[in-house]
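Following the working numbering, the numbering of the sequence shown begins with 36 at its first residue and continues without gaps. Every residue gets a Cβ at the ideal spot worked out from N, C-alpha and C, and that includes glycine.
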Amino acid sequence: MENHLENDTGSAGSGIRQNPFSELLSISLKDELNEKLQKSFGGYSKKSVGQYVSSMRSNLQRIQQQMERQINDLLAEKASVSQECTVLREQLKETEASLQKVQDQIVNQKYYEESREASEQELQKFRAENQRLSEMLADYEQTCEQKKRVEALLVEKENEIVRLNESLSRYQKECEELRSRTARLEQAAETASRNPDKTELSNLRREKEMADEQCRKLAQQLKESRRVILEKSRGLEASRAALEKERESISLRQQQADDTQETKCRQMAQRLKEGQDALEKKKEELEAARNALEQEKEAFSLRQRQADDAQETRHRQVAQQLEEARSVLEKKRELEAACAAFRQEKEAFSLRQQDNDARETKHRQMAQQLKEAKSILEKKGQELEAARTALRQEKEAFSLRQQQADAREAELKNGRAQLEQEHQELEGQCAQLAEDRNKNEAAWRELKEEISKNRIVAGQLEKEHQAIKQENESLRARLDEKEKQLTEMKNKLEGQSETARVLSEKINSFYEHFSQDAERIKSLEKMNSEKEMLVKHYQQAEKKAVLSHHENERARQANAALRETVQQLMQQMEIQSESVELFLQRSMKERSSMKQAVSDQAALKLKNITLMEQVNSLLAQMDQLRAENERLKAVEEQRKTRSFPFPAEKKVTPLEKTEAADDAEEEDKASELEKCGRAYRRAKELVQELEQQTENIG
């Protein structure tokens with residue numbers, strides 16, 4: 036019944052709960068009407084009501100004038116802010132263009148510096164290669180001198196060998212002559228022995244002895260000459276072998292030098308290729324960086340356009356706020372019309388004294404609504420005045436910032452002119468660097484050609500000795516030319532270093548200007564953030580205007596709801612009176628039914644207690660039966676153990692009898708146990724049913 040009563044009261048008071056704001060309005064209107072309106076015999080006096088209405092009208096007119104002035108001020112400030120925004124956009128675009136130019140100049144300067152460093156590195160490589168070639172040429176000249184000395188020694192040895200061969204042939208001729216002479220003498224001796232003559236025989240013996248001595252001397256000289264010739268021939272062979280070894284070593288050195296030179300040329304070509312690849316990669320990286328900068332620029336311009344669009348939307352929102360404020364003024368006029376209607380209703384209220392209480396509450400509610408509307412309008416006026424003062428302050432700050440922006444714009448123009456001049460100078464220097472690079476590449480090609488020519492000369496040196504001298508002279512002339520070129524390149528490098536120093540100074544100045552531009556950009560971003568704060572302020576003001584509009588709509592709805600709630604209250608009072616009577620009847624019936632249910636519950640509880648006692652007794656009996664069964668089983672086991680000593684013939688019949696008796700006893704006990712189990716289960720089911728019934732009743 037309590038739930039039913041709550042539902043009835045809820046349905047009756049639904050109109051009041053739906054409009055909680057109307058209760059506050061009714062209370063405040065009653066207080067204000069009690070303070071300002073004088074009561075008469077039939078209600079409020081006509082004079083006090085007229086004074087109250089006139090004061091409300093004058094207040095509304097004053098608030099309307101103030102809101103119109105504030106709207107006009109906001110429109111003027113909106114126009115000025117839009118102009119300032121366009122100026123700032125133009126300045127931002129100019130600064131972006133100057134920043135892009137500076138970034139392009141920095142990228143070009145980095146590329147020129149990297150190309151200059153690469154050309155310097157290549158020049159250093161060329162110098163090292165030239166030094167190495169000069170060292171190889173000096174080694175080759177030393178080997179040529181050694182070759183000349185060895186060839187002169189070979190010529191001397193060959194001449195000596197020819198001289199020794201001539202002496203050997205002369206000695207051989209003398210030996211032959213002596214041999215023929217000895218043969219003649221032997222023949223003469225034989226003839227003399229046949230015709231013996233002592234004088235002739237002695238002369239012949241003497242001549243023979245002299246010839247033998249000469250033969251021995253000539254043989255000895257021949258042996259010595261042969262020994263010398265052998266020694267000389269051995270020395271010549273050794274010198275020839277040494278010369279061959281020297282030639283082989285020279286050819287090996289030349290081949291190694293050629294191989295090393297070729298490998299170094301390949302390495303240098305590979306390095307040049309790698310350098311060119313690195314330069315290409317750097318160019319690609321610079322292009323990528325430039326594209327990234329362009330993308331950032333596009334993103335920044337897109338953000339700027341989005342900010343402009345957002346600012347335009349905010350201006351539109353401000354215009355909408357102004358329109359809403361105008362609509363508030365129109366609503367104020369409607370409230371004035373409602374006041375006129377209220378005055379007419381007041382005149383009609385003086386005629387209708389029967390509905391005095393309802394009309395009095397209605398007048399108080401309307402007065403409270405007017406008071407709240409007045410307070411809301413005053414708050415809005417204060418907020419608009421604060422917004423106006425804030426806008427004035429922001430306008431003054433913006434004028435100062437505009438002056439600063441003009442000064443910075445003049446500085447940017449001067450810096451832009453300087454940057455253009457420096458850009459032109461950098462272009463000239465870049466062209467000069469490109470020419471120097473082309474000259475270096477030509478020198479590198481000349482060096483390659485000279486290396487190939489040196490290889491050809493090295494091959495020809497082994498074939499023709501006279502060509503070596505001419506080639507050496509040509510190489511010396513070329514080396515002189517290279518030295519001249521190196522001196523010229525040194526002078527050019529000194530000039531390039533001077534230009535690089537000037538460029539570094541200019542780059543430092545560029546970085547300084549860039550830092551200044553970055554600071555300016557930061558200041559412009561701060562100004563933009565301040566403008567965003569202004570926009571946020573406008574948004575807050577718009578939100579407040581929207582809230583005021585919603586509050587006015589709520590007040591209008593509350594006014595309409597209050598009119599409806601008076602009628603609903605009368606109907607609900609009648610419905611509540613009927614529901615109270617029904618509630619009393621139902622409560623009496625429910626009390627009687629509750630009493631009967633309580634008595635039934637008490638009886639069931641008593642039954643439950645008795646059944647629980649029975650169940651406990653049955654459980655105790657089951658436990659006793661189980662103990663008795665165990666005791667009997669123990670007695671039977673003792674009897675069986677005691678029956679073993681007796682003879683088997685005497686024990687046959689008694690055992691059969693005892694087993695039959697024991698089986699009967701066990702069957703009886705089992706049947707009793709089954710009965711007890713069924714009774715226990717039945718009691719348990721009854722207890723559960725009783726508990727369910729008690730729960731349902733509760």
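Asked	Found
Closest to Glu347 by C-alpha separation, out of Ser634, Val84, Lys579 and Val116, would be which residue?	Val116
To which residues of the same chain is Ala173 closer than 6 Å at the C-beta, ignoring the five residues directly before and after it?	none
Mind reading off the beta-carbon distance from Leu158 to Met562? Whole number of angstroms is fine, and I expect it under 8 Å.	Contact flag wrong, Cβ pair sits at about 51 Å.
Taking the beta carbon of Arg151 as the centre, do at least 16 other beta carbons fall within 10 Å, making it buried, or is it exposed?	buried
If you draw a straight line from the alpha carbon of Tyr175 to that of Asp312, how long is it in whole angstroms?	36 Å
Taking just the CA atoms, how far does Gln101 sit from Leu337?	41 Å
Given this structure, state the Cα-to-Cα distance separating Asn194 from Glu272, to the nearest angstrom.	14 Å
Out of Gln302, Gln144, Gln118 and Lys579, which one is the CA nearest neighbour of Lys160?	Gln302
Please classify Val84: is it buried, with 16 or more other beta-carbons within 10 angstroms of its beta-carbon, or exposed?	buried
So, is Ala576 buried or exposed, given that buried needs 16 or more other C-beta atoms within 10 angstroms?	buried
Using only the alpha-carbon positions, how far apart do Gln138 and Cys120 sit?	26 Å
When the Cα atoms are used, what is the spatial distance from Val670 to Ser634?	54 Å
Can you give me the C-alpha to C-alpha distance between Lys192 and Leu199, rounded to a whole angstrom?	10 Å
So Thr178 and Arg269 are supposed to be a Cβ contact under 8 Å. How far apart are they, rounded?	Actually they do not touch by this definition, with Cβ atoms about 26 Å apart.
So which of Ser627, Ser284 and Thr295 has the shortest CA-CA distance to Arg167?	Thr295
Whose C-alpha, out of Ala655, Asn664, Glu180 and Glu358, is nearest the C-alpha of Gln105?	Glu358
Is it buried or exposed for Glu164, if we count other Cβ within 10 angstroms and need 16 for buried?	buried
Distance check for Thr130 and Glu329, CA to CA, integer angstroms please.	15 Å
Going by other Cβ atoms of all chains shown within 10 Å of its Cβ, with 16 needed for buried, is Glu407 buried or exposed?	buried
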